[in-house]
Amino acid sequence: MAAAGGSGGASRADNGYGSQQPRRRKGPGALATAYLVIYNVVMTAGWLVIAVGLVRAYLAKGSYHSLYYSIEKPLKFFQTGALLEILHCAFGIVPSSVVLTAFQVMSRVFLTWAVTHSVKEVQTEDSVLLFVVAWTITEIIRYSFYTFSLLNHLPYLIKWARYTLFIVLYPMGVSGELLTIYAALPFVRQSGLYSISLPNKYNFSFDYYTFLILVMISYIPIFPQLYFHMLHQRRKVLSHTEEHKKSE
Amino acid sequence: MGGRAGFFEVEILDWKTKKQLCFLDKVESNATIREIRLMFHKLYPQWYPARQSIRLDPKGKSLRDEEILQHLPVGTTATLYFKDLGPQIGWTMVFLIEYTGPLFIYFLFYFRMPFVYGLDERFTSSPHPVVNLACICHSFHYIKRLIETIFVHRFSHGTMPLRNIVKNCLYYWGFAAWLAYYINHPLYTPPSYGKKQINFAVIMFLLCEAGNFSIHVALSDLRRDGSRTRKIPYPTKNPFTWLFFFVSCPNYTYEVGTWISFTIMTQCVPVGLFTLLCFIQMTIWAKDKHYTYLREFKDYPSLRMPIIPFLL
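Protein chains in written order, with UniProt numbering: chain A, 1 to 248; chain B, 1 to 312.
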């Protein structure tokens with residue numbers, strides 16, 4: 001779903017495809033800032049590796065099908081690494097909401113591991129490429145945005161890209177995610193993946209198939225809210241910069 | 001401070017728009033905020049006192065009913081700000097609704113209403129005695145809570161926002177339905193260690209319920225004179241209250257104990273999950289209360305922890 005929440009100096013509390021106004025806050029200490037710069041640089045590099053991997057695989061294969069396998073490992077590594085961002089919020093070195101960040105990161109990690117990795121049959125679907133490309137472009141921009149913000153030198157191009165490209169990337173990513181979950185459904189039903197039925201000594205049952213359907217339904221209220229929030233943020237941030245420029 | 005002839009003028013502005021909502025002249029200098037709320041309510045009947053937040057600053061804390069006008073840092077023309085807190089509901093009503101739901105919802109599953117487990121299983125009963133016991137304990141727990149709400153608890157705040165009730169009910173009622181579903185299911189499996197496990201759980205349940213009730217009575221007695229102020233609770237002759245030596249909120253400690261015992265009794269994961277969530281929520285509340293006590297009372301007993309002796 002949406003990209004993971006903040007991890008950097010100036011702006012925060014967003015879902016990765018757009019953000020709130022950069023705020024003047026006390027900010028993390030020097031050591032924390034250094035750590036965050038390193039973290040964001042590493043993540044930027046990681047997603048660049050995934051981007052390059054996709055391009056190379058495409059050129060080598062001559063088609064855009066089944067490119068997942070060429071970037072499977074770095075995708076898993078760097079998307080899972082984003083879990084650290086929850087800790088960043090929890091320890092207060094990033095002024096984002098822990099709950100919001102956790103929700104966003106977990107939804108990404110869920111799609112990476114509990115759907116794409118677990119249901120091998122969907123790995124050849126084109127919908128996987130759809131969300132991987134959306135995530136890759138978004139994350140490269142987002143992590144470089146945070147890096148530059150922390151270093152107090154944010155090129156307008158990066159800010160513009162972060163607050164504009166989501167208009168296309170967010171629906172693209174959501175479509176890819178939904179189509180992938182949908183493609184996984186018959187295989188989950190068939191194999192009874194992650195499901196437990198009665199009777200058992202823990203008196204518990206769980207139907208992963210139904211769960212996935214509920215996840216898909218949850219996109220309906222959540223996606224429009226986040227999307228319009230980001231559009232609103234875009235108007236605020238980009239017009240604020242315009243005024244700044246005029247007043248200089 | 002006091003004006004000529006002891007009268008103040010009070011203007012009340014909207015906290016956001018700063019528009020003047022009312023101007024009260026000839027307000028007694030010893031008038032309370034409660035009286036000002038009543039005057040405001042007369043002018044705006046839709047804003048009953050409980051939903052008025054009256055503050056000195058637009059974004060400040062709400063003034064308490066007991067505050068007296070001339071003791072506030074205002075001039076002879078006092079400017080106060082108003083914020084509408086939205087529809088409010090009394091705490092007693094809140095608890096009655098929140099607790100009656102689980103009580104009756106559990107029965108829907110215990111008596112196996114047709115729409116719950118399918119038509120074939122309708123109105124059948126479980127062969128396991130523990131299922132009957134669980135129903136008795138669950139019902140006892142919520143009936144006890146209802147009785148306490150009506151006769152024991154004395155609330156410091158009168159109301160809460162109405163919209164919270166929907167959220168809270170969804171949570172309590174939803175969980176009650178979820179755990180009742182499994183305990184009363186035709187395919188329910190009784191605890192692995194049989195009678196030993198069940199008997200242990202029942203004893204623990206009764207002790208924790210007694211403990212929880214004792215604490216509620218002790219806390220209620222602190223306010224027997226009708227006051228709303230906070231006092232430090234101390235252990236009494238009742239041994240269950242001796243937990244006060246070690247924790248600030250033993251009522252929460254006992255409550256978690258009750259749910260742990262219910263989990264052991266039913267050996268049911270959803271019950272365990274509910275217990276875990278209760279524990280987390282009550283730990284948050286206990287910590288809040290504990291730090292409030294520490295702030296307000298310099299002589300607060302240092303041995304006490306918020307909810308678990310020596311640990312948390």
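The beta carbon of each residue, even a glycine, is placed where N, CA and C say it ideally should be. In this text the structure is predicted, and so the values were computed from the model without any measurement.
Open item on the list: Suppose contacts are defined by Cβ-Cβ distances below 7 Å. Is B:Leu69 in contact with B:Ala31 by that definition?
Closed with: Your numbering for residue 69 of chain B matches position 69 in the second sequence. Your numbering for residue 31 of chain B matches position 31 in the second sequence. Contact flag set, yes.
Open item on the list: With a threshold of 7 Å between beta-carbons, can B:Ser126 be considered close to chain A, or not?
Closed with: Sequence index remark: in the second sequence, residue 126 of chain B carries index 126 (1-based). Taking a beta-carbon distance threshold of 7 Å, B:Ser126 does not count as an interface residue toward chain A.
Task: Endpoints, the beta strand (DSSP E) within which residue 253 of chain A is located - done: The question about residue 253 of chain A has no answer here: the residues shown for chain A are numbered 1 through 248.
Task: For B:Pro58 and B:Gly2, the rounded distance between their alpha carbons - done: The residue labelled residue 2 of chain B in the question sits at position 2 within the second sequence. The residue labelled residue 58 of chain B in the question sits at position 58 within the second sequence. Residue placement at B:Gly2 is flagged as unreliable, the pLDDT there being 45, under the threshold of 50; the coordinate-derived value follows with that caveat. Computed Cα separation, rounded: 23 Å.
Open item on the list: Using DSSP's beta-bridge definition, name the partner residues of B:Leu24.
Closed with: As a position in the second sequence, residue 24 of chain B is number 24, starting the count at 1. Its beta-bridge partners are B:Val10.
TODO: Measuring only between beta-carbons, confirm whether B:Cys268 sits less than 7 Å from chain A.
DONE: In the second sequence, the residue the question calls residue 268 of chain B occupies position 268. Taking Cβ atoms only, chain A reaches closer than 7 Å to B:Cys268, which makes this a yes.
- [ ] Please decide whether B:Tyr193 counts as near chain A, where near means a Cβ-Cβ distance under 7 Å.
- [x] Within the second sequence, numbered from 1, the residue matching residue 193 of chain B stands at position 193. Under the Cβ distance rule, B:Tyr193 does not count among the residues neighbouring chain A, no pair being separated by less than 7 Å.
Task: Cross-chain neighbours of B:Tyr182 in chain A, by beta carbon under 7 Å - done: Reading the second sequence from its first residue, position 182 is the one you call residue 182 of chain B. Using a Cβ-Cβ cut-off of 7 Å, B:Tyr182 is close to Asn203, Phe204 of chain A, given in chain order.
Task: Rounded separation between B:Phe95 and B:Leu146 - CA only - done: Walking along the second sequence from the start, residue 95 of chain B turns up at place 95. Walking along the second sequence from the start, residue 146 of chain B turns up at place 146. Using only the alpha carbons, I get a separation of about 7 Å.
Open item on the list: With three or more C-beta pairs closer than 8 Å as the rule, is the region 254 to 261 of chain B touching the region 203 to 220 of chain B?
Closed with: Judged by Cβ distances under 8 Å, the region 203 to 220 of chain B makes contact with the region 254 to 261 of chain B, as three or more pairs qualify.
- [ ] Please name the residue, chosen from A:Leu111, A:Ser144, A:Leu226, that lies closest to A:Gly176 on a Cα-to-Cα basis.
- [x] Against the first sequence, residue 176 of chain A aligns to sequence position 176. When each option's Cα is compared against that of A:Gly176, the closest is A:Leu111.
TODO: Go ahead and label B:Met265 buried or exposed: buried means 16 or more other beta carbons lie within 10 angstroms of its beta carbon, across all protein chains shown.
DONE: Here residue 265 of chain B is taken as the residue at index 265 of the second sequence, counted from 1. By the C-beta density criterion, B:Met265 is buried, having at least 16 other C-beta atoms within 10 angstroms.
- [ ] Please report the residue range of the beta strand (DSSP E) in which B:Met160 lies.
- [x] Taking the first residue of the second sequence as 1, we reach residue 160 of chain B at position 160. Segment 159 to 161, the beta strand (DSSP E) holding B:Met160.
- [ ] Would you decide whether A:Ile141 is buried or exposed? Buried here means 16 or more other CB atoms lie within 10 Å of its CB.
- [x] What you label residue 141 of chain A is simply residue 141 of the first sequence in a count that begins at 1. Buried is the call here.
Task: Below-7 Å beta-carbon distance, B:Leu277 vs any chain A residue - done: The residue you call residue 277 of chain B lines up with position 277 of the second sequence. When Cβ-Cβ separations below 7 Å define contact, B:Leu277 makes no contact with chain A.
Task: Beta-carbon proximity check, A:Ala122 vs A:Ala184, cutoff 7 Å - done: Taking the first sequence and counting its residues from 1, the one referred to as residue 122 of chain A is at position 122. Taking the first sequence and counting its residues from 1, the one referred to as residue 184 of chain A is at position 184. For the sequence presented, residue 122 of chain A should be read as Val rather than Ala. Contact flag set, yes.
Open item on the list: So if I threshold CB-CB distances at 7 Å, which residues from the region 203 to 224 of chain A count as touching chain B?
Closed with: For the region 203 to 224 of chain A, the residues whose beta carbon sits under 7 Å from a beta carbon of chain B are, in order, Asn203, Phe204.
Open item on the list: Along the chain, where does the alpha helix (DSSP H) containing A:Ile93 start, and where does it finish?
Closed with: Reading the first sequence from its first residue, position 93 is the one you call residue 93 of chain A. Element bounds for A:Ile93: n/a, residue is neither H nor E.
Task: The alpha helix (DSSP H) enclosing B:Lys144, as first and last residue numbers - done: Mapped onto the second sequence, residue 144 of chain B falls at position 144. It spans 129 to 151 - the alpha helix (DSSP H) in which B:Lys144 sits, taken as one unbroken run.
- [ ] Label B:Pro306 either buried or exposed according to how many other C-beta atoms from any shown protein chain fall within 10 Å of its C-beta, with 16 as the threshold for buried.
- [x] Reading the second sequence from its first residue, position 306 is the one you call residue 306 of chain B. Classification of B:Pro306: buried, given that the 10 Å Cβ count is 16 or more.
TODO: On the DSSP bridge assignment, give the partners of B:Ser53 in chain order.
DONE: On the second sequence, position 53 is the one that residue 53 of chain B refers to. Within the DSSP bridge table, the entry for B:Ser53 names B:Lys83 as partners.
TODO: Step through the CB atoms of chain B and report whether any lies within less than 7 Å of the CB of A:Leu198.
DONE: Taking the first sequence and counting its residues from 1, the one referred to as residue 198 of chain A is at position 198. So, interface residue.
TODO: Determine the closest residue to B:Tyr184 out of A:Ala114, A:Asn203, A:His232, A:Val37, with distance taken between C-alpha atoms.
DONE: Position 184 of the second sequence, counted from the first residue, corresponds to residue 184 of chain B. In the sequence under discussion, the amino acid at residue 184 of chain B is Asn, which differs from the Tyr named in the question. When each option's Cα is compared against that of B:Asn184, the closest is A:Asn203.
TODO: Assuming B:Lys83 and B:Trp15 form a contact by the criterion Cβ under 8 Å, report the distance between their Cβ atoms to the nearest whole angstrom.
DONE: Position 83 of the second sequence, counting from 1, holds the residue named residue 83 of chain B. Position 15 of the second sequence, counting from 1, holds the residue named residue 15 of chain B. Rounded, the Cβ-Cβ distance is 4 Å, consistent with contact.
TODO: Would you please verify whether the beta carbon of B:Tyr188 is less than 7 Å from any beta carbon of chain A?
DONE: Here the question's residue 188 of chain B lines up with position 188 in the second sequence. For B:Tyr188, the answer is yes, since a Cβ of chain A falls inside 7 Å of its Cβ.
Task: Candidates B:Ile97, B:Asn199, B:Leu222, B:Ala134: closest to B:Asn164 by CA position - done: Against the second sequence, residue 164 of chain B aligns to sequence position 164. When C-alpha distances from B:Asn164 are compared across B:Ile97, B:Asn199, B:Leu222, B:Ala134, the shortest belongs to B:Ile97.
- [ ] Taking all protein chains shown into account, decide if B:Ser227 is buried (16 or more other Cβ within 10 angstroms of its Cβ) or exposed.
- [x] Numbered from 1 along the second sequence, position 227 holds the residue referred to as residue 227 of chain B. By the neighbour-count rule (16 or more Cβ atoms within 10 Å), B:Ser227 is not buried but exposed.
- [ ] Just grab the DSSP bridge partners of B:Val247 for me.
- [x] Residue mapping note: residue 247 of chain B aligns to position 247 of the second sequence, counting from 1. In DSSP, B:Val247 forms a bridge with B:Met305.
Task: Inside the region 51 to 132 of chain A only - alpha helix (DSSP H) runs reaching at least 4 residues - done: Complete alpha helix (DSSP H) runs here, min 4: 68 to 81, 84 to 90, 98 to 109.
Open item on the list: Taking a contact to mean a Cβ-Cβ separation below 7 Å, would you say residue 254 of chain A touches A:Val41 in this structure?
Closed with: This structure leaves residue 254 of chain A out entirely; chain A is present only between 1 and 248.
Open item on the list: Please classify A:Ala60 as buried or exposed, where buried requires at least 16 other C-beta atoms within 10 Å of its C-beta.
Closed with: Your numbering for residue 60 of chain A matches position 60 in the first sequence. Burial is judged here by how many other beta carbons sit within 10 angstroms of a residue's own beta carbon; A:Ala60 has fewer than 16 and is exposed.
- [ ] Give the DSSP bridge partners of B:Ala78, in chain order.
- [x] To locate residue 78 of chain B, count along the second sequence from 1; it is residue 78. The partner list for B:Ala78 (beta bridge, DSSP) reads B:Val10.
Task: Extent of the continuous beta strand (DSSP E) to which B:Gln70 belongs - done: Position 70 of the second sequence, counted from the start, is the residue given in the question as residue 70 of chain B. It is not in any beta strand (DSSP E) - B:Gln70 carries neither H nor E in the DSSP assignment.
TODO: Grab me the residues of B:His247's own chain with a C-beta within less than 8 Å of its C-beta, minus the 5 sequence neighbours each way, in chain order.
DONE: Reading the second sequence from its first residue, position 247 is the one you call residue 247 of chain B. Looking at the sequence itself, residue 247 of chain B is Val, so the reference to His does not match. The residues Thr253, Ala286, Arg304, Met305, Pro306, Ile307, Ile308, Pro309, in chain order, have a CB closer than 8 Å to that of B:Val247 in the same chain once the five nearest residues on each side in sequence are set aside.
Task: Beta-carbon neighbours of B:His185, restricted to chain A and to distances below 7 Å - done: Numbered from 1 along the second sequence, position 185 holds the residue referred to as residue 185 of chain B. The contacting residues are Leu198.
Open item on the list: For A:Thr164, tell me which candidate among A:Leu154, A:Arg56, A:Arg234, A:Leu54 has the shortest Cα-Cα distance.
Closed with: Counting from one through the first sequence, the residue named residue 164 of chain A turns up at place 164. When each option's Cα is compared against that of A:Thr164, the closest is A:Arg234.
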